[in-house]
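J.: Residue numbers (the numbering used here), protein chains in the order written: chain Y, 1 to 353; chain P, 1 to 531.
Note that the Cβ used here is the ideal one computed from N, Cα and C, for glycine as well.
1. For residue 334(P), would you say it is in contact with chain Y, using Cβ-to-Cβ distances shorter than 8 Å as the test?
2. Can you tell me the Cα-Cα spacing of residue 2(P) and residue 212(Y), whole angstroms?
3. Does the distance from the CB of residue 104(P) to the CB of residue 490(P) come in under 8 Å?
4. Is residue 61(P) near residue 148(P), with beta carbons less than 8 Å apart?
5. Nearest-angstrom Cα distance between residue 35(P) and residue 354(P)?
6. Can you name the residues that DSSP bridges to residue 137(Y)?
7. Identify the residues that DSSP records as bridge partners of residue 253(Y): which are they?
8. Given a limit of 7 Å on CB to CB distance, which residues of the segment 292 to 307 of chain Y reach chain P?
9. Tell me the rounded alpha-carbon separation between residue 42(P) and residue 67(Y).
10. Taking only beta carbons into account, state which residues of the segment 327 to 349 of chain Y come closer than 7 Å to chain P, listed in chain order.
11. Under three-state DSSP, which class holds residue 103(Y)?
12. Check whether the Cβ of residue 215(P) lies closer than 7 Å to any heavy atom of the ligand PLP, and answer yes or no.
13. Between the segment 68 to 84 of chain Y and chain P, which residues of the former have a C-beta closer than 8 Å to a C-beta of the latter?
14. Is the segment 508 to 520 of chain P touching the segment 436 to 455 of chain P, taking contact as three or more C-beta pairs under 8 Å?
15. With a cut-off of 8 Å on the beta carbons, I'd call residue 308(Y) and residue 94(Y) a contact; round off their distance for me.
16. Beta carbon of residue 417(P), beta carbon of residue 373(P): below 8 Å?
17. Between which two residues does the alpha helix (DSSP H) containing residue 495(P) stretch?
18. Report buried or exposed for residue 59(P), applying the criterion of at least 16 other Cβ atoms within 10 angstroms of its Cβ.
19. How about residue 43(Y) and residue 337(Y): do their beta carbons lie closer than 8 Å?
20. Roughly how far, in whole angstroms, is the beta-carbon of residue 268(Y) from the beta-carbon of residue 179(Y), given that I think they are within contact range, below 8 Å?
21. If the cut is a Cβ gap below 8 Å, which residues of chain Y does residue 229(P) touch?
22. Pull the bridge partners of residue 84(Y) from the DSSP assignment, please.
23. What residues in the segment 106 to 129 of chain P have a beta carbon less than 8 Å from any beta carbon of chain Y?
24. Listed from N- to C-terminal order along the chain, which residues in the segment 350 to 372 of chain P have their beta-carbon within a distance smaller than 9 Å of any beta-carbon of chain Y?
25. Using DSSP with H/G/I as helix, E/B as strand and the rest coil, what is residue 130(Y)?
26. Out of 340(Y), 349(Y), 232(Y), 251(Y), point me to the one whose CA is closest to residue 305(Y)'s CA.
27. Look at the alpha carbon of residue 431(P) and the alpha carbon of residue 257(P), and state the distance between them as a whole number of angstroms.
28. Hey, does residue 149(Y) have any beta-carbon neighbour from chain P nearer than 8 Å?
29. Can you pull the chain Y residues whose beta carbon is under 8 Å from the beta carbon of residue 277(P), in chain order?
30. Going by C-alpha distance, which of 90(P), 37(P), 14(P), 125(P) is nearest residue 520(P)?
31. Judging by CA-CA distance, which residue of 228(P), 273(P), 215(P) is the nearest neighbour of residue 76(P)?
32. Could you give the DSSP three-state label for residue 358(Y): helix, strand or coil?
33. Kindly indicate which three-state DSSP category residue 265(Y) falls into: helix, strand or coil?
34. For the candidate residues 296(Y), 293(Y), 182(Y), whose alpha-carbon lies nearest to that of residue 260(Y)?
35. What does the alpha-carbon distance come out to for the pair residue 143(P) and residue 285(Y)?
36. Go to residue 3(P), then tell me how far its alpha helix (DSSP H) extends in each direction, as first and last residue.
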């Protein structure tokens with residue numbers, strides 16, 4: 001029977017299909033690179049645009065946080081259309097590597113430019129992840145209330161002298177988890193548990209907000225000591241807003257040492273997905289990200305330290321941070337990344353939100 | 001044949017819920033260990049936080065929504081007309097937008113406290129931290145009281161009128177009339193509104209994750225993402241499902257009683273309002289102004305100021321903003337069309353064949369609104385993960401996260417119910433004698449639908465489409481996880497920016513979301529005032 005009754009519905013459904021089809025475009029076409037990125041910095045847009053301009057390859061992105069990307073990659077399995085994965089924490093990179101989510105890349109350019117200790121393990125076919133930039137997990141403190149000696153080590157954060165003064169972001173955040181994993185790798189479970197419990201006992205307030213909120217907390221007097229990433233501090237230092245300048249005028253920076261070995265670094269990195277549909281474009285993009293121009297951009301626009309040592313950059317805040325002598329903790333990523341799961345469990349046991 | 005196909009595909013919408021429930025089948029020693037870990041560490045705090053939040057929100061919305069509805073319906077005071085309309089405005093703001101706006105301004109190191117400390121020489125925190133459980137309760141109450149207000153106002157204006165007049169002739173004082181007649185009659189409506197508010201609260205992810213309130217929804221995502229334990233996430237999801245089903249049942253019961261108590265044709269003017277003077281008038285005005293101020297005016301103003309303050313080096317990303325808006329609109333429209341089509345089909349089936357199996361599908365889908373987005377996500381991805389272990393090259397996953405298919409599926413699970421409510425209420429306005437007359441004139445079956453129902457249902461259908469579209473544009477938890485490439489929406493962007501402490505940049509997409517949210521509000525409110 002003829003169904004004129006379906007006409008309105010048909011028209012509507014047709015409209016829906018038309019709209020839906022606007023998503024189906026260059027899904028698997030050439031000249032496309034699919035990037036899963038946990039790097040949420042507006043300055044990265046310049047990087048993507050630069051790559052597209054240089055090569056003509058269009059970049060399609062999904063942004064999420066590290067854990068969300070991993071969950072997505074796992075759910076998508078072999079049919080995943082991810083090519084390059086960018087993460088902000090090497091511990092997650094390592095774990096994703098263990099889960100078999102990345103492909104081995106035996107590229108001479110990458111191997112030559114990225115330092116050996118900031119590459120994934122090479123079992124013959126090439127490393128599976130590569131560092132892109134580093135940032136230090138520093139302590140921002142109120143110089144009027146705290147002496148530099150009190151924040152010369154991460155261990156000191158649990159000292160009773162700092163009771164009611166410590167502010168950090170959520171313990172479950174990858175930056176913190178990485179630090180706690182490193183602490184665990186340097187010591188043992190019992191000492192780490194005591195340390196974490198001590199930090200919780202010293203907190204001025206329950207963890208909330210991000211690293212910048214912690215720095216602002218120190219400036220406003222809510223906290224005496226805050227743990228933050230160096231690039232947040234540098235961002236405030238270089239900001240042209242008067243409010244940010246005021247904040248930095250009231251605080252001081254310290255580079256604490258992890259059991260005497262050095263300051264903990266967060267390594268941001270990249271990898272090629274295990275089932276990347278555009279491997280050539282992926283390698284081109286990864287090479288681009290370790291090029292001088294891109295590395296310099298990471299330093300100057302986002303205040304991170306480039307992994308390629310030979311790159312010269314002009315960043316007064318980063319250079320100022322290098323004035324005080326400090327060194328990075330040399331422990332390899334694989335060693336502390338393996339402890340992250342345990343560290344996560346300890347957090348729940350001591351009530352570190 | 002068509003019937004079966006459509007019915008079954010609609011039934012498939014229920015798959016995520018079944019998958020979540022089925023996660024208990026995978027219970028083994030290792031999973032029990034995870035469960036024990038959960039129980040020993042966080043389960044108690046999740047339960048307490050969720051219960052505290054629920055209690056606070058229910059009490060809060062009942063008090064705020066109920067009081068304002070009462071005042072607006074039965075009393076006359078300055079600005080009453082304006083406020084009666086304006087009290088609905090906070091519904092345009094998703095709760096998480098209100099949360100970002102308030103945090104930005106009120107936090108310890110925010111501009112207000114810093115300025116006050118400098119000006120007055122005070123020290124320390126000037127008021128309690130907004131990012132806390134009480135703060136979350138406040139934000140939810142401000143964002144969700146309109147549910148209670150709208151439903152309560154409708155009930156008080158409609159039904160209580162005649163009975164109040166009767167009570168007055170029997171000598172009851174104003175207080176007695178309100179307390180013993182009006183409020184009890186309005187109670188089902190108020191409770192239905194509170195249940196809706198509670199479902200929204202339980203489903204929320206944006207506020208609780210930003211404020212660090214450890215609710216079940218936050219716990220589900222934490223188990224899935226941070227702990228990498230999808231099965232634990234699914235089990236937490238079933239607990240949450242249990243709670244929301246109970247709430248939903250309560251809401252259905254309240255709605256049912258509302259319909260019973262509603263007398264037909266009672267679209268009459270409410271009894272003359274009591275005119276207030278002096279202090280009473282000022283107090284009533286203040287009580288009604290406060291929710292509008294706190295729930296709409298201040299957050300929007302705050303974001304506007306932030307938008308204007310955005311430093312030049314960042315600028316306003318107009319091109320990307322256009323893309324986000326376009327993505328939101330596309331998703332909203334597609335889902336609205338599909339949801340309305342499904343609701344129309346289900347409504348028609350229910351009308352023609354009230355005892356058919358299709359109606360079970362309809363009832364099941366009606367529950368969809370209560371199901372939190374996080375649960376739907378877990379329900380969609382858990383079977384995909386399981387399928388991968390037996391069939392690694394299956395295309396399901398890529399279909400679900402690589403295209404909009406999965407996202408739209410998740411939206412439909414939740415929002416077909418919204419469309420159904422509108423369509424069903426539209427059908428209740430059409431007496432069945434209409435169908436009989438049409439049939440005697442030779443228009444049965446689809447002809448009946450096309451020539452009789454369709455023209456009369458256009459308005460509820462438009463309302464349904466609008467509501468679904470706006471709900472989709474505001475949706476956060478499912479969109480975060482399931483969206484394909486280059487599909488950031490107006491809801492996702494503020495969440496990411498807020499997490500990144502770039503609240504100023506979040507102002508633009510947030511304000512756009514509010515503008516979109518205002519559309520059904522304006523439409524809804526003008527209809528309310530027609531009565």
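T.: Taking the structure as given:
1. For this step, residue 334(P) is matched to residue 334 along the second chain. It does: the Cβ of residue 334(P) has a partner Cβ on chain Y nearer than 8 Å.
2. Walking along the second chain from the start, residue 2(P) turns up at place 2. Walking along the first chain from the start, residue 212(Y) turns up at place 212. Cα to Cα, residue 2(P) sits roughly 58 Å from residue 212(Y).
3. Translated into positions along the second chain, residue 104(P) becomes position 104. Translated into positions along the second chain, residue 490(P) becomes position 490. Not closer than 8 Å, so no.
4. Residue numbering aside, residue 61(P) sits at position 61 when the second chain is read from its first letter. Residue numbering aside, residue 148(P) sits at position 148 when the second chain is read from its first letter. Yes, these two residues count as a Cβ contact at 8 Å.
5. One-based indexing of the second chain puts residue 35(P) at position 35. One-based indexing of the second chain puts residue 354(P) at position 354. So the alpha carbons of these two residues sit roughly 43 Å apart.
6. Residue mapping note: residue 137(Y) aligns to position 137 of the first chain, counting from 1. DSSP lists 229(Y) as partners of residue 137(Y).
7. The residue you call residue 253(Y) lines up with position 253 of the first chain. In the DSSP output, where bridge partners are listed per residue, residue 253(Y) has 140(Y).
8. none
9. Your numbering for residue 42(P) matches position 42 in the second chain. Your numbering for residue 67(Y) matches position 67 in the first chain. Taking the straight line joining both Cα atoms gives about 20 Å.
10. 344, 348, 349
11. Within the first chain, the letter at position 103 stands for residue 103(Y). Strand.
12. The ligand PLP is absent from the structure shown, which contains no ligand whatsoever.
13. 68, 70, 71, 72, 74, 75, 76, 77, 78, 79, 80, 81
14. no
15. As a working note, residue 308(Y) is residue 308 in the first chain. As a working note, residue 94(Y) is residue 94 in the first chain. The Cβ separation is near 21 Å, so there is no contact.
16. As a position in the second chain, residue 417(P) is number 417, starting the count at 1. As a position in the second chain, residue 373(P) is number 373, starting the count at 1. No, they are not a contact pair.
17. By 1-based counting over the second chain, the position of residue 495(P) is 495. Where residue 495(P) is concerned, the enclosing alpha helix (DSSP H) stretches over 492 to 499.
18. Sequence index remark: in the second chain, residue 59(P) carries index 59 (1-based). Burial call: exposed.
19. Here residue 43(Y) corresponds to residue number 43 of the first chain, with the count starting at 1. Here residue 337(Y) corresponds to residue number 337 of the first chain, with the count starting at 1. No, these two residues do not count as a Cβ contact at 8 Å.
20. Residue numbering aside, residue 268(Y) sits at position 268 when the first chain is read from its first letter. Residue numbering aside, residue 179(Y) sits at position 179 when the first chain is read from its first letter. Their Cβ separation, rounded to whole angstroms, is 15 Å, which puts residue 268(Y) and residue 179(Y) out of contact at 8 Å.
21. What you label residue 229(P) is simply residue 229 of the second chain in a count that begins at 1. Chain Y residues near residue 229(P): none, gap ~11 Å exceeds 8 Å.
22. Along the first chain, one-based indexing puts residue 84(Y) at 84. Its beta-bridge partners are 35(Y), 272(Y).
23. 107, 108, 109, 111, 113, 114, 117, 123, 124, 125, 129
24. none
25. Here the question's residue 130(Y) lines up with position 130 in the first chain. Strand at residue 130(Y).
26. Numbered from 1 along the first chain, position 305 holds the residue referred to as residue 305(Y). It is 232(Y).
27. For the purposes of this step, residue 431(P) is taken as residue 431 along the second chain, with counting starting at 1. For the purposes of this step, residue 257(P) is taken as residue 257 along the second chain, with counting starting at 1. The alpha-carbon atoms of residue 431(P) and residue 257(P) are separated by roughly 20 Å.
28. Here residue 149(Y) corresponds to residue number 149 of the first chain, with the count starting at 1. It does not; no Cβ of chain P falls within 8 Å.
29. What you label residue 277(P) is simply residue 277 of the second chain in a count that begins at 1. Chain Y residues near residue 277(P): none, gap ~46 Å exceeds 8 Å.
30. The residue given as residue 520(P) occupies position 520 in the second chain. Comparing Cα-Cα distances from residue 520(P) to each of 90(P), 37(P), 14(P), 125(P), the minimum goes to 90(P).
31. Taking the first residue of the second chain as position 1, residue 76(P) is located at position 76. Comparing Cα positions, the closest option is 273(P).
32. What the structure shows of chain Y is the stretch from 1 to 353, and residue 358(Y) is not part of that stretch, so it cannot be assessed.
33. Walking along the first chain from the start, residue 265(Y) turns up at place 265. Strand, per DSSP.
34. Counting from 1 along the first chain, the entry for residue 260(Y) is found at position 260. Minimum Cα distance to residue 260(Y) is reached at 182(Y).
35. Along the second chain, one-based indexing puts residue 143(P) at 143. Along the first chain, one-based indexing puts residue 285(Y) at 285. Computed Cα separation, rounded: 45 Å.
36. For the purposes of this step, residue 3(P) is taken as residue 3 along the second chain, with counting starting at 1. Run containing residue 3(P): 2 to 12, per the alpha helix (DSSP H) assignment.
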